[in-house]
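What follows is a set of notes on a single structure, which appears directly below.
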Amino acid sequence: MQLGTVDETNNMKKIIVAALVFTTSALVFANAEKDENAVENYIQMGGKGMNADNGSRSGAANETEQVLEMVRIYTRSVNEGDVHPELIDKLWEHSPQVSNINIRGHQKGFDDIKTNFYAPIYAVLKDRNLRMVTDERKPAVYIFDNTAVVEFYWKLNATVIEDNKAVSMAGRETHVYRKTSDGWKLVHLHYSGMPVTGF
1441 MQLGTVDETN
1451 NMKKIIVAAL
1461 VFTTSALVFA
1471 NAEKDENAVE
1481 NYIQMGGKGM
1491 NADNGSRSGA
1501 ANETEQVLEM
1511 VRIYTRSVNE
1521 GDVHPELIDK
1531 LWEHSPQVSN
1541 INIRGHQKGF
1551 DDIKTNFYAP
1561 IYAVLKDRNL
1571 RMVTDERKPA
1581 VYIFDNTAVV
1591 EFYWKLNATV
1601 IEDNKAVSMA
1611 GRETHVYRKT
1621 SDGWKLVHLH
1631 YSGMPVTGF
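Just so you know, the sequence shown maps onto residues 1441 to 1639 in this note's numbering.
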């Protein structure tokens, strides 16, 4: 979906800025003034956020699972996107406003992400196994209206094509999703390696 109007572009900017500016704790308590039970609801949901549409546990759990399924599609897009490009198409909002900040650069727009994020991964690594960590650290999902923010840890095992060398990596990642008429779509991601010690 292309963003054509100023309002649509401004809406996308607001979504991305909200994810980058607010800390996770600020997002958790963003609705505290409207709902004095927001903190208790958050705790009862196991730290998975509330559905701003209906506030019900079953509704929130369903929305949370839908968002986590999109994260799983993301890991599959890295692992299998070279042979199943439809995964990338299903995952991302097709907009020049989406963005990706990572250890190799910063891509802006759906086409730039396909060309300069995914393609180099496929050209350098084979036997990719990117996965979301769920045992050591649970992913956190925060849902507010039509915006979802996900924090998770990841691990990657792969083989370098050039020399057949096995590599292992780990890191942290934040995703921002926007709910559209076609379901949740990824509009921004930011990932990095694990914390550096010694500072």
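Even glycine gets a Cβ: it sits at the ideal position worked out from N, Cα and C. On a predicted model such as this, the values are computed, not experimentally measured, just so you know.
Which value, in whole angstroms, describes the spacing of the CA atoms of residue i and residue j?
| i | j | result |
| --- | --- | --- |
| Arg-1402 | Pro-1579 | Any answer about residue 1402 is impossible in this case: the structure gives the chain only from 1441 up to 1639. |
| Val-1573 | Ser-1539 | 23 Å |
| Lys-1605 | Lys-1566 | 10 Å |
| Asp-1397 | Gly-1633 | Since the first and last residues shown for the chain are 1441 and 1639, residue 1397 lies out of range. |
| Ala-1501 | Tyr-1582 | 11 Å |
| Asp-1529 | Pro-1635 | 32 Å |
| Ile-1541 | Asn-1597 | 21 Å |
| Trp-1624 | His-1534 | 12 Å |
| Leu-1626 | Ile-1553 | 12 Å |
| Leu-1527 | Ala-1563 | 18 Å |
| Tyr-1631 | Ile-1513 | 16 Å |
| Asn-1569 | Gln-1506 | 22 Å |
| Gly-1638 | Leu-1629 | 27 Å |
| Val-1518 | Gly-1499 | 29 Å |
| Trp-1532 | Thr-1515 | 13 Å |
| Lys-1595 | Met-1609 | 6 Å |
| Tyr-1619 | Pro-1536 | In the sequence under discussion, the amino acid at residue 1619 is Lys, which differs from the Tyr named in the question. Between Lys-1619 and Pro-1536, the C-alpha separation is close to 17 Å. |
| Asp-1622 | Thr-1504 | 16 Å |
| Thr-1555 | Glu-1509 | 24 Å |
| Gly-1611 | Val-1511 | 15 Å |
Per DSSP, residue i is paired with what?
| i | result |
| --- | --- |
| Lys-1548 | Ser-1539 |
| Gly-1521 | In DSSP, Gly-1521 forms no bridge with anything. |
| Lys-1619 | Trp-1624 |
| Ala-1598 | Val-1607 |
For the putative contact between residue i and residue j, defined by C-beta atoms under 8 Å, what is the C-beta separation to the nearest angstrom?
| i | j | result |
| --- | --- | --- |
| Phe-1592 | Glu-1613 | 6 Å |
| Val-1616 | Val-1607 | Not quite, the Cβ-Cβ distance comes to about 28 Å (not below 8 Å), so this is no contact. |
Original post:
Given 8 Å as the limit, is there contact between the segment 1544-1554 and the segment 1587-1599, that is, 3 or more CB pairs closer than that?
Top reply: no
Subject >> Cβ pair count under 8 Å reaching 3, the segment 1551-1560 against the segment 1517-1535 >> reply: yes
Original post:
In the segment 1566-1590, which residue ranges form an unbroken beta strand (DSSP E) of at least 3 residues, counting only runs that do not cross its ends?
Top reply: 1580-1584
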